[in-house]
């Protein structure tokens, strides 16, 4: 696997909003592989079209905010710098509608889902799903904004709330069947073509999310689970991903979501060696992309217009401090309205 950044001495750029538990382990993993690393705060980045490309061999994009994460990847691709994850992967994962369409088109089992473009059409969408159902924001993370609707009164309330929101995007109705589970879900961490580990997330609430207090425990990575996770990762374009699956009471295993800004502290289940092994798998995948010169062209989801416009030019990100605010001991992630984290 990747043994460094090559003989030209260009560093790996770790672009992040904060140096959290995961980023600290990624830095250790890169350095164990002899890779020089430039740590860059995404909030300091700016660039001018037509300037020289930045001196990075490959970029590991760890931006917290979904909007910045997408634009960092687009920027790197325009420079011709390989980046993980690609902008196409981030764009698919950051829209629950888009990702569900892509997963279903790839033949993967997903919860019964309906979409309405306005709250006025939402009642019909929910009628087709049946109650109880779950209404989710199209973009979001950490289990925020999910509403379980059990009856017609709840439907009216949720749709009235949607109607009051200011933007057409917020008024979209994305509804899924309420999947009855053993009060847990599954997270599979994927790095490239490898399913690294799997955990159960168990909680007292129907939303099984570590950010909402769910507890993690080891989950056997069965051939079926590994196959579903890798197929889901491939469907969205691949990279460093968290695949969330639901086990239904009637025996179904469903792909629920794919996260492009995956955290893995919970997936380590408190074991430092496991956490470092995940970080090393991530580092190997990033360095493999540098070795093979892989960037946005590797996926069918790529924005070809951007590549056509930028094919014969490079650009340069303004110099940014080689440091990022570090996470205080014991501090959790700071929620961002734009972020996409499990």
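In our numbering, the protein residues as written are 364 to 705. Heads up, the beta-carbon is just placed ideally off N, CA and C, and yes, glycines get one too.
- DSSP places residue 449 outside both helix and strand once states are collapsed to three, so it counts as coil.
- When the Cα atoms are used, residue 435 and residue 412 turn out to be separated by approximately 14 angstroms.
- If you ignore the 5 residues before and after residue 518, its C-beta comes within less than 7 angstroms of the C-beta of 486, 489, 512, all in its own chain and listed in chain order.
- Exclusion of the five residues before and after residue 593 leaves 553, 556, 558 as the residues of its chain whose Cβ lies within less than 7 angstroms of its Cβ.
- Under the three-state reduction of DSSP output, residue 463 falls in the helix class.
- Residue state for residue 489 is assigned as helix, using DSSP reduced to three classes.
- In this structure, residue 603 lies near residue 648, with their beta-carbon atoms less than 8 angstroms apart.
- In the structure shown, the three-state DSSP call for residue 570 is coil.
- Only buried fits residue 600, as 16 or more other CB atoms lie within 10 angstroms of its CB.
- Around the beta carbon of residue 613, a 10 Å sphere encloses fewer than 16 other beta carbons of the protein chains shown; the residue is thus reported as exposed.
- Inclusion of residue 596 and residue 471 in the CB contact set at 8 angstroms is not warranted, their separation being larger than that value.
- Here residue 496 is bridged, per DSSP, to 512, 540.
- In the displayed model, residue 629 falls within a helix according to three-state DSSP.
- For residue 478, the closest C-alpha among the options 449, 498, 549 is that of 498.
- For residue 386, same chain residues with a beta-carbon under 7 angstroms away, outside a window of 5 residues either side, are 377, 379, 425 in chain order.
- Selection 566, 419, 530 evaluated against residue 501 yields 530 as nearest (Cα-Cα).
- Residue pairing by DSSP places residue 607 opposite 550, 620 in a beta bridge.
- The C-beta of residue 383 has 16 or more other C-beta atoms within 10 Å across all chains shown, which makes the residue buried.
- Going by beta carbons, residue 450 and residue 437 fall inside the 8 angstroms limit.
- With respect to residue 393, residue 640 sits apart: the two C-beta atoms are not nearer than 8 angstroms.
- Within the same chain, Cβ atoms closer than 7 angstroms to the Cβ of residue 466 are found at 473, 595, 598, 618, the five residues on either side in sequence being excluded.
- Per the C-alpha coordinates, the member of 375, 528, 388 positioned closest to residue 399 is 375.
- Contact between residue 588 and residue 549 holds: CB atoms are separated by about 7 angstroms, below the 8 angstroms threshold.
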